[in-house]
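**Student:** Structure in structure tokens, see below.
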Amino acid sequence: LIASLGEIEQTYIMVKPDGVQRGLVGEIISRFEKKGFKLTGLKLFQCPKDLAEEHYKDLKAKPFFPKLIDYITSGPVVCMAWEGVGVVASARKLIGSTDPLQAEPGTIRGDLAVQTGRNVVHGSDSPENGKREIALWFNENEINQWTPAQAPWLR
Ligand code: RTP
82 LIASLGEIEQ TYIMVKPDGV QRGLVGEIIS RFEKKGFKLT GLKLFQCPKD
132 LAEEHYKDLK AKPFFPKLID YITSGPVVCM AWEGVGVVAS ARKLIGSTDP
182 LQAEPGTIRG DLAVQTGRNV VHGSDSPENG KREIALWFNE NEINQWTPAQ
232 APWLR
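Below you can see the structure in the form of structure tokens.
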């Protein structure tokens, strides 16, 4: 039934170092869980510089690039892989605009952040990048496919 709603996608979501430092990990995971997406990968991880540069390679020419790399490598991040129909665009909506002051209330950034340079969370911007980023941040054996248990008390 769910497959008939559209393609099942994967997205890479990451709690950035400020989100970890501020104790927002549970709050952020919770929003994706409650929405109804499936968690297939999760780890706390200190990102090396070369990985941060690879992840943000499209932004290499931007003036803020060195600061961005310093920020992402400044402490551990929480790496997540999430799966579901429409999960890429939906996660971007749940996250809100890049500039937290422009992000709508109710979004993660709209509720929890004030600075573009400290915007607590990352989400892939396309299904292709979702796959690319999951492959970049996770080893294959760190991704777990699982089927949610049927609720037997409802039968
Ligand atoms: P993300 O990749 O982290 O989900 O963010 P995004 O697509 O909303 O934004 P993008 O333009 O790809 O920028 C990536 C991250 O770089 C930092 N940034 N700093 N002017 C600045 O100082 C500036 N602009 C962007 C942010 O952390 C942004 O999330």
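Note that full-length UniProt numbering has the sequence shown beginning at 82, numbered continuously upward.
Cβ coordinates follow ideal geometry from the N, Cα and C atoms, glycine included.
Alpha carbons only, please: which of Lys130, Asp99, Tyr93 is nearest the one belonging to Arg190?
**Tutor:** The residue given as residue 190 occupies position 109 in the sequence shown. The shortest C-alpha separation from Arg190 is found at Asp99.
**Student:** Can the beta-carbon of Asn200 be found closer than 9 angstroms to that of Asp180?
**Tutor:** Taking the first residue of the sequence shown as position 1, residue 200 is located at position 119. Taking the first residue of the sequence shown as position 1, residue 180 is located at position 99. Yes. Within cutoff.
**Student:** DSSP state of Lys143, grouped into three classes?
**Tutor:** Numbered from its first residue, the sequence shown carries residue 143 at position 62. DSSP places Lys143 in coil when its eight states are reduced to three.
**Student:** Determine the burial state of Thr92: buried for a count of at least 16 other Cβ atoms within 10 Å of its Cβ, exposed for fewer.
**Tutor:** The count along the sequence shown starts at 1 and reaches residue 92 at position 11. By the neighbour-count rule (16 or more Cβ atoms within 10 Å), Thr92 is buried.
**Student:** Fully enclosed by the stretch 166-193, which alpha helix (DSSP H) runs are 4 residues long or longer?
**Tutor:** 168-176, 189-193
**Student:** Given that a residue counts as buried once 16 or more other Cβ atoms are within 10 Å of its Cβ, and exposed if not, what is Val195?
**Tutor:** For the purposes of this step, residue 195 is taken as residue 114 along the sequence shown, with counting starting at 1. Looking at its Cβ environment, which holds fewer than 16 other Cβ atoms inside 10 Å, Val195 is exposed.
**Student:** How many Å lie between Ala133 and Trp234 at the Cα?
**Tutor:** Position 52 of the sequence shown holds residue 133. Position 153 of the sequence shown holds residue 234. Whole-angstrom Cα-Cα distance: 46 angstroms.
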